[in-house]
Structure formats: C-alpha cells, structure tokens
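Novice: Here it is: the structure, laid out below.
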Amino acid sequence: MYWLLRQIKMLLGFSNQPTIKDIEVINPEVVQPEKQEVMSYPKFKQPTTQQLISKFGKPNETGKGYLTIIQLPYPMRLAWDKSVKVTRMSCHYLVAEAFEKVFKDLLDHYGYEEIVRLGIDLFGGCFNYRRMRNGTSWSTHAFAISVDLDPARNKLKETSKTARFARPEYKLMIDIFYKHGFINLGVEKNYDWMHFQYHKVFR
Ligand SMILES: [Zn+2]
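Heads up: the sequence shown runs through residues 38 to 240, numbered per the working numbering.
Pasting the structure below:
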C-alpha cells in the first residue's frame, strides 16, 4: 500500500526529497551565505598611525620611496579649478592597482558623460603630506592611500542629508570602491563623504 502511494506521488511529481524551501526552514545557515549582500563588511575601524606605518611605511613630504603615478582611464577635473585637467594621479605603489581597477570600473559602469554629469570626475586630491586635524596622527592622504572626490558637494561635516554621494545614483560608485578594498567615510561615519580610503589590509 505504502509502495503504491509512493508510486502515485512520484507520478504526480512529488517525492520525499526535501525541497529547497524545506532546507531553508530546517537549516537556515546552509542557504544564508548566498543571500547575503555582496557589500557586507565588518564595521570600519580607523587604523592607528602605527598600523598605517607598518603597512605603508613612514610618510614624508615628497612621498619619496612610495609614490607611483597611475594613468587615469578618463580625464578628471581639478575640483578647485575645473579648467585644469588631471590625467595622472600619484598614489602609494601598494594601492596603485586597486585605484586603477576602481577608475576603470567607474568608466565601464557609468560611462564618461555620466561620470561628468554626476561630478565623479571632480578630483579633490590623493597624496597630501599633512597631519590629521587633531594634530597627532598622519592623515591617510600622507600615505597616499585615499582619494577625495567632489569635495565642494561632499564637505567634511556634511551628513547624508545634504552630501551628494549619499544619493542613490552614487551607490554603484561606492560599491565599486568597496569591491576593490576601499571604504567611504560617509558610509562608515556619516561625514567626509568625499573621502575614499584603502582599507583592505586592515580588515
Ligand atoms: Zn580625504
């Protein structure tokens, strides 16, 4: 009798095999990883000066010993003088490849016209030999591992209420930076939305 019932079930397309839905209920952790957001990261923690120095070396005024120049795949405009074209960028040699990938991905995904329309091409600086505002530790710009974009519309103290990069059309840009190992301070701290910082080595 049971055998007959099973045959009928099989003919009708049922079986005793658990379905995907059953597995989810019985063992949710098995299917969970696939459902996770691709851009899920542990909470950002600013590396200490010591950690930065141990990974990238001690910064100096001219960037001697660690700066390299990358060719940008599209021209950028200098944020404080838009008539000046920026075609190359100095950055730390250890993050050069990551930067190159970011800019290439931005071009591939947005296209040049859209990049200009959104102001993603407004270059606010990478290497800058200076201390942080608290005066004790080095800015990550001194190590040349961070870039600022469109600083006029993503000011240091602006939050997601007014900062441009908090708008939905910039989500893709932020995802691209994260994909290649950067964080955005706006996303992490809700200030300084202009600031993208290489962080992969500290995760
Ligand atoms: Zn910055």
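For each residue, glycine too, the CB sits at the ideal point set by N, CA and C.
Mapping DSSP to helix, strand and coil, what is residue 84?
Specialist: If DSSP states are grouped into helix, strand and coil, residue 84 belongs with coil.
Novice: Is the beta carbon of residue 179 less than 8 Å from the beta carbon of residue 191?
Specialist: Cβ distance not < 8 Å, so residue 179 and residue 191 don't count as in contact.
Novice: Could you pull the DSSP bridge partners for residue 2 from this structure?
Specialist: No answer is possible for residue 2: the residues shown for the chain start at 38 and end at 240.
Novice: Would you kindly work out how many angstroms separate the C-alpha atoms of residue 90 and residue 96, rounded to a whole number?
Specialist: About 8 Å.
Novice: Which partner residues of residue 173 appear in the DSSP bridge assignment?
Specialist: Note: residue 173 sits in no beta bridge, so no partner.
Novice: Determine the closest residue to residue 102 out of 214, 129, 235, with distance taken between C-alpha atoms.
Specialist: Looking at the Cα atoms, 129 is the closest of the given residues.
Novice: Measuring only the C-alpha atoms, how far is residue 155 from residue 212?
Specialist: The alpha-carbon atoms of residue 155 and residue 212 are separated by roughly 16 Å.
Novice: In whole angstroms, what is the alpha-carbon distance linking residue 142 and residue 149?
Specialist: Taking the straight line from one Cα to the other gives about 11 Å.
Novice: Note down the Cα distance separating residue 184 from residue 161, rounded to an integer number of angstroms.
Specialist: The alpha-carbon atoms of residue 184 and residue 161 are separated by roughly 7 Å.
Novice: Quick check on the burial criterion: 16 or more other C-beta atoms within 10 angstroms. Buried or exposed for residue 230?
Specialist: Burial call: buried.
Novice: Using 8 Å as the cut-off, can you tell me whether the region 206 to 222 makes contact with the region 130 to 141, which would need three or more C-beta pairs spanning the two stretches below that distance?
Specialist: Short answer: they touch.
Novice: Grouping DSSP H, G and I as helix and E and B as strand, with all else coil, what is residue 96?
Specialist: Coil, per DSSP.
Novice: Rounding to the nearest angstrom, what Cα-Cα distance links residue 186 and residue 147 in this structure?
Specialist: Cα to Cα, residue 186 sits roughly 16 Å from residue 147.
Novice: Looking at the structure shown, is residue 180 part of a helix, part of a strand, or coil, going by DSSP?
Specialist: Correct three-state label for residue 180: coil.
Novice: Output needed for residue 113: all residues of its chain with C-beta closer than 6 Å, excluding positions within five of it in sequence on either side, in chain order.
Specialist: Excluding residues within five positions, the ones whose Cβ falls inside 6 Å are 123, 158, 160.
Novice: According to DSSP, which residues form a beta bridge with residue 107?
Specialist: 126.
Novice: Check whether the Cβ atoms of residue 181 and residue 115 lie closer than 8 Å to each other.
Specialist: No, they are not a contact pair.
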